[in-house]
Amino acid sequence: MAFGNPLVLIEFTEDTDKRKAGSRMKVDAGSATTLCDTQKVAKRVSADEPVAAPVAPEPVEAVVDVEPVAIPPADVDY
């Protein structure tokens, strides 16, 4: 039995709340249109294309010499 809406393989080009960039999944044609054409967070790919290499995050410099802030207890009146 054939379904009228075949699945489309997409690859995410940006991180989203649920998927990392480079991850692939099969979605229906409507979802592919939304993710690829409207939101532009994914692209359509074929199964024989190699998976893109993951992008390494940029290093973040540590913040030094930060003074702690004294927070008084909530039940103390001044």
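First residue of the sequence shown? That's 135 in our numbering, and the numbers climb one at a time after it. For glycine and all other residues, C-beta sits at the position ideal for the given N, C-alpha and C. Since this is a predicted model, take the numbers as computed values, not measurements.
Notebook entry, point to check: To which residues does DSSP link E145 through a beta bridge?
Noted result: R158, K177
Notebook entry, point to check: How would you label L169, buried or exposed, when you count the other beta carbons within 10 angstroms and need 16 or more for buried?
Noted result: buried
Next item on the list: Could you confirm whether any beta carbon from chain C is found closer than 8 Å to the beta carbon of E145?
Entry: This model lacks chain C altogether; it includes just one protein chain.
Margin query: DSSP three-state label for D209, please.
Written below: coil
Note to self: When you compare the CB positions of I144 and A176, do they come within less than 8 Å of one another, or not?
What the structure shows: yes
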